[in-house]
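Trainee: Numbering of the sequence shown is given in my numbering, commencing with residue 145 and proceeding in unit increments. Where is the CB? At the ideal position from N, CA and C, for every residue including glycine. I have a structure I would like to understand better, so I am pasting it below and will then ask my questions one at a time.
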Amino acid sequence: MIPLRTFAEKAYLDYSMYVILDRALPHIADGLKPVQRRIVYAMSELGLAAGAKYKKSARTVGDVLGKFHPHGDSACYEAMVLMAQSFAFRYPLIDGQGNWGSVDDPKSFAAMRYTEAKLQPIAALLLEELAQGTVDWVPNFDGTLREPALFPARLPHVLLNGASGIAVGMATDIPPHNLREVASACIHLLEAETSGTEVTIEQLCEHIKGPDFPTEAEIITPQEEIQRIYRTGTGSIRMRARYKRGNGAIVITALPHQVSGNRIQEQIAGQMAAKKLPMIEDLRDESDHENPVRLVIITRSNRVDVEQLMSHLFTTTDLERSIRVNLNLIRTDGRPRVKDLRTILVEWLSYREDTVRRRLTHRLEKILTRLHILAGLLVAYLNIDEVIAIIREEEKPKPVLMSRFGLDQLQAEAILDLKLRHLARLEEVKIRGEQKELDAERKALKKNLASRKRIRALIRDEILVDAEKYGDERRSPLVERQRSVPIKQDALVPAEPVTVVLSQRGWIRAAKGHDIDPSTLNYRAGDKFRAAARGRSNQIAVFLDSTGRAYSLPAHSLPSARGQGEPLSGRVNPPEGAVFPSVMLGEPNSLYLLGSDIGYGFITTLEDLYTKNKAGKVVLSLSPGALVLPPALIEERIGKGLPAVVVAVTSEGYLLAHDLKQLPQLRKGKGVKIIQIPLAKLKSREEFVVATAVIPECADLTLQAGKRHLNLKPADLLLYRMDRGRRGKKLPRGLRRITSLGIFR
145 MIPLRTFAEK AYLDYSMYVI LDRALPHIAD GLKPVQRRIV YAMSELGLAA
195 GAKYKKSART VGDVLGKFHP HGDSACYEAM VLMAQSFAFR YPLIDGQGNW
245 GSVDDPKSFA AMRYTEAKLQ PIAALLLEEL AQGTVDWVPN FDGTLREPAL
295 FPARLPHVLL NGASGIAVGM ATDIPPHNLR EVASACIHLL EAETSGTEVT
345 IEQLCEHIKG PDFPTEAEII TPQEEIQRIY RTGTGSIRMR ARYKRGNGAI
395 VITALPHQVS GNRIQEQIAG QMAAKKLPMI EDLRDESDHE NPVRLVIITR
445 SNRVDVEQLM SHLFTTTDLE RSIRVNLNLI RTDGRPRVKD LRTILVEWLS
495 YREDTVRRRL THRLEKILTR LHILAGLLVA YLNIDEVIAI IREEEKPKPV
545 LMSRFGLDQL QAEAILDLKL RHLARLEEVK IRGEQKELDA ERKALKKNLA
595 SRKRIRALIR DEILVDAEKY GDERRSPLVE RQRSVPIKQD ALVPAEPVTV
645 VLSQRGWIRA AKGHDIDPST LNYRAGDKFR AAARGRSNQI AVFLDSTGRA
695 YSLPAHSLPS ARGQGEPLSG RVNPPEGAVF PSVMLGEPNS LYLLGSDIGY
745 GFITTLEDLY TKNKAGKVVL SLSPGALVLP PALIEERIGK GLPAVVVAVT
795 SEGYLLAHDL KQLPQLRKGK GVKIIQIPLA KLKSREEFVV ATAVIPECAD
845 LTLQAGKRHL NLKPADLLLY RMDRGRRGKK LPRGLRRITS LGIFR
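Right under this line is the structure:
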């Protein structure tokens with residue numbers, strides 16, 4: 145009996161090690177996981193070499209499950225499919241016939257009863273030396289067969305096709321690389337070790353420029369970052385789609401690794417539906433057999449900045465994505481570890497050296513055995529008549545031959561196995577010729593085995609041959625690009641003239657153009673026009689409520705004026721009981737005079753009123769009982785330095801004009817006193833500020849009082865000019881109930 149805690153801990157650790165070593169992580173020797181290794185070996189045992197005919201995938205999966213890998217058939221078949229997909233593996237090991245999935249939907253492959261497969265020619269790099277004593281053989285799961293523990297890979301396959309997997313407590317993400325580049329790096333390491341020089345990561349990166357994915361999308365990660373990844377074994381590679389310009393269109397010709405064209409279409413179409421890409425008119429997928437990736441983006445005009453648009457799409461879609469790198473693999477000592485590039489190549493070369501040494505030793509043993517047998521056969525040919533007589537007359541000729549001619553059991557067996565047609569005189573000549581050839585090979589093998597330098601030279605020559613036979617050009621170009629940035633929202637929206645209309649009950653809408661009369665629009669029963677602001681659809685509309693809080697909404701997002709709009713309270717969250725007296729719209733640097741009816745105010749920019757908070761932000765501090773005055777727009781020419789005056793008029797007909805420079809520009813606050821009103825009258829609401837305005841010094845001022853109006857010229861206005869905070873002067877009788885102020889032109 146053992147404690148449950150001890151049993152559970154041991155069981156979990158055993159399971160973890162099984163997942164790490166026998167399922168999820170590749171081995172540095174051949175770069176394969178156990179299921180992949182068993183699939184390739186089972187196909188070779190079925191005779192499915194590159195030159196053979198295709199066989200049903202179900203036959204291969206059946207052999208793998210029944211003989212070597214007693215797990216689910218679907219998982220086994222998916223592993224087989226992955227090794228056949230040219231868009232998943234840089235150098236596919238399986239040649240598939242039928243539906244093996246597509247880039248848009250890798251899981252869309254047909255069932256294994258429909259597809260057929262055989263091995264690709266490059267699989268010979270893994271299998272060619274399997275029967276030459278190069279690897280250890282282990283029993284299969286039921287002990288009835290034997291399977292190779294590893295493959296004698298002639299190239300570092302772990303880097304060629306890479307690997308990805310999730311184990312218990314660890315994961316691996318090894319990107320694929322170009323065969324010629326990897327071979328060149330291996331040769332450089334071999335030559336450097338021969339000369340006794342140390343090889344750095346930077347020197348290896350002169351050969352291995354970076355990962356090389358099956359896709360032709362660009363790798364935009366800087367070279368310094370790639371070197372850091374190879375130095376630490378972890379990081380991420382940034383890939384970006386490739387595109388070209390057509391006739392009023394943008395044609396995307398390559399996507400990042402494992403990115404679906406359908407996914408890109410969904411992402412772009414989603415932004416188009418949200419009106420975030422108004423410069424795109426249409427999106428088409430023209431991919432076919434000749435052009436596996438061809439996504440066409442139709443722009444609305446030739447004036448669209450293609451570079452800016454694509455930079456935005458790179459940021460907001462999978463046209464640009466990061467691919468994680470984690471060089472975690474099982475070492476030759478059977479332990480998993482994250483390794484740098486140099487360590488991986490050095491350790492693989494050590495494995496390859498051991499494999500070649502075992503191959504040469506195995507061949508030498510075969511040659512020595514054959515020479516020994518040939519020596520016995522030569523004795524038999526020299527004494528052929530006596531040998532024949534012994535075989536004919538003796539009941540047990542084997543021991544007689546051994547004692548008569550000094551042969552061992554192996555030689556005697558070889559003589560007894562001779563066929564009659566091999567007893568001709570010319571056979572002696574063939575034996576002596578074979579002895580000569582084998583003896584020369586024996587001497588060469590012993591010379592190679594005695595010198596590590598010769599073995600490494602042999603490895604170098606074999607790598608060169610394999611690189612020439614199976615290598616190809618790099619597919620993923622390494623390009624330095626500027627960092628992609630999204631287009632600002634206001635730049636995405638067309639700058640069309642709009643008029644934002646606010647009703648007394650707080651309903652909002654936006655009408656196209658500036659020639660509309662807001663008071664003539666159709667309003668809900670009991671509602672009517674309150675305020676309007678003219679500007680552009682790519683600007684931000686700012687609403688000021690009765691508590692001094694500001695709220696901002698994009699003008700293009702407001703409902704159309706064809707209807708009655710929608711309540712502003714549905715877009716923002718004002719305090720209970722608050723109403724919206726005004727709306728502002730213009731450039732962010734537009735200046736406004738904000739004030740309260742107790743005579744205080746300040747200058748602010750429209751940008752200072754912007755907020756993303758639905759609850760708004762406090763910009764105007766109000767004393768108890770004070771009300772917000774309609775904001776007064778300050779003309780652009782005034783903001784650029786034109787002399788101007790601030791005019792304020794009270795309900796008792798007092799008017800004051802002072803220099804604009806006496807008002808501060810603030811982000812928020814109560815402001816300073818513009819005009820003086822007796823405190824008693826303020827508390828009783830007998831007198832309050834009716835309106836404020838900012839006008840150029842050279843402009844006329846129009847005062848409206850019911851149906852009467854008064855036009856004050858600059859010289860007339862001088863009577864009311866004084867310092868800020870004074871009482872002002874009273875207007876003539878009949879014009880003391882001012883309803884509005886304005887510039888008369």
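1) Pick out whichever of T794, R407, Q820, T836 has its Cα sitting closest to the Cα of L804.
2) Taking the alpha helix (DSSP H) that E222 belongs to, which residues open and close that run?
3) Helix, strand or coil: how does DSSP classify H678 here?
4) When the Cα of D583 is compared with those of H516, R502, K353, I818, which residue comes out closest?
5) When DSSP labels each residue in this structure, what does T925 get in the three-state scheme?
6) Does DSSP classify N527 as helix, strand or coil?
7) For H658, which of helix, strand or coil comes out of DSSP?
8) Output needed for K825: all residues of its chain with C-beta closer than 6 Å, excluding positions within five of it in sequence on either side, in chain order.
9) According to DSSP, what are the bridge partners of P698?
10) If you scan the segment 360-446 from start to end, which runs of the beta strand (DSSP E) of 3 or more residues do you find wholly inside it?
11) Is the beta carbon of A254 closer than 9 Å to that of N896?
12) For L270 and Y185, I'd like the C-alpha separation in whole angstroms.
13) When the Cα of L738 is compared with those of V225, G240, L773, which residue comes out closest?
14) DSSP puts V772 in a beta bridge; with which residues?
15) Here's a check: name, in chain order, each residue in its chain whose Cβ is nearer than 6 Å to the Cβ of I882, leaving out the five neighbours to either side.
16) Exposed or buried, T344, counting other C-beta atoms within 10 Å across all chains shown (16 or more means buried)?
17) Determine the direct distance from the alpha carbon of G577 to that of Y525, and round the result to whole angstroms.
18) If you reduce the DSSP assignment to three classes, tell me which class A824 lands in.
19) Who are the Cβ neighbours of T150 in its own chain at under 8 Å, not counting the five residues just before and after it?
20) Which residue spans inside the segment 519-602 form an unbroken alpha helix (DSSP H) run of at least 4?
21) Thinking just about the alpha-carbon of each residue, which of K420, E410, K419 is nearest to the one in D427?
22) Inspect the CB distances between the segment 331-342 and the segment 615-633 and report whether three or more fall short of 8 Å.
23) Return the bridge partner residues of I839 from the DSSP annotation.
24) For E497, which residues in the same chain have their Cβ closer than 7 Å to its Cβ, ignoring the five residues on either side in sequence?
25) To the nearest angstrom, how far is the alpha carbon of L148 from that of A155?
26) Would DSSP call G313 helix, strand or coil?
27) Closest to L554 by C-alpha separation, out of K563, L518, R586, V208, would be which residue?
28) If we ignore side chains and look at the alpha-carbon of each, how far apart do F888 and P858 end up?
29) Please work out which residues of its chain come closer than 8 Å, Cβ to Cβ, to N733, disregarding the five sequence neighbours upstream and downstream, and give them in chain order.
30) Go through its chain and collect everything with a Cβ distance to P775's Cβ below 7 Å, but skip five positions before and after it.
31) Name the two residues that bound the continuous beta strand (DSSP E) containing Y798.
32) According to the neighbour-count rule (16 or more other Cβ atoms, all chains shown, within 10 Å of its Cβ), is H700 buried or exposed?
33) For T476, tell me which candidate among F295, T288, V326 has the shortest Cα-Cα distance.
34) Specify the secondary structure class of W492 as computed by DSSP and reduced to three states.
35) Taking 9 Å as the threshold (C-beta atoms), are R693 and P719 in contact?
Mentor: Working from what's here:
1) T836
2) 217-226
3) First, the residue type needs correcting, since residue 678 is Arg and not His in the sequence shown. Strand, per DSSP.
4) H516
5) Lying outside 145 to 889, the shown extent of the chain, residue 925 is not represented and no answer is given.
6) coil
7) coil
8) E831
9) I684
10) 378-384, 386-389, 393-398, 424-429, 439-443
11) This structure gives no information on residue 896, because the portion of the chain shown stretches from 145 to 889.
12) 9 Å
13) L773
14) S740
15) V793, V834, L847, A849
16) Exposed, because fewer than 16 other Cβ atoms sit within 10 Å of the Cβ of T344.
17) Y525 and G577: Cα-Cα distance of roughly 14 Å.
18) helix
19) none
20) 528-537, 541-549, 553-560, 570-593
21) The sequence given here places Leu at residue 427; Asp does not occur at that position. Among K420, E410, K419, the Cα nearest to that of L427 is on E410.
22) Flag = no, the segment 331-342 and the segment 615-633 do not touch.
23) V789
24) I599, R600, I603
25) 10 Å
26) coil
27) Comparing alpha carbon positions, the residue from K563, L518, R586, V208 closest to L554 is L518.
28) Note that F888 scores a pLDDT of 44, beneath 50, so its modelled location is shaky; the value from the coordinates is reported in the next line. Spanning the two alpha carbons is a distance of roughly 11 Å.
29) T749, L750, E751, G783
30) L688, S726, M728, Y736, L737, L738
31) Note, Y798: beta strand (DSSP E), 798-803.
32) buried
33) F295
34) helix
35) Yes, these two residues count as a Cβ contact at 9 Å.
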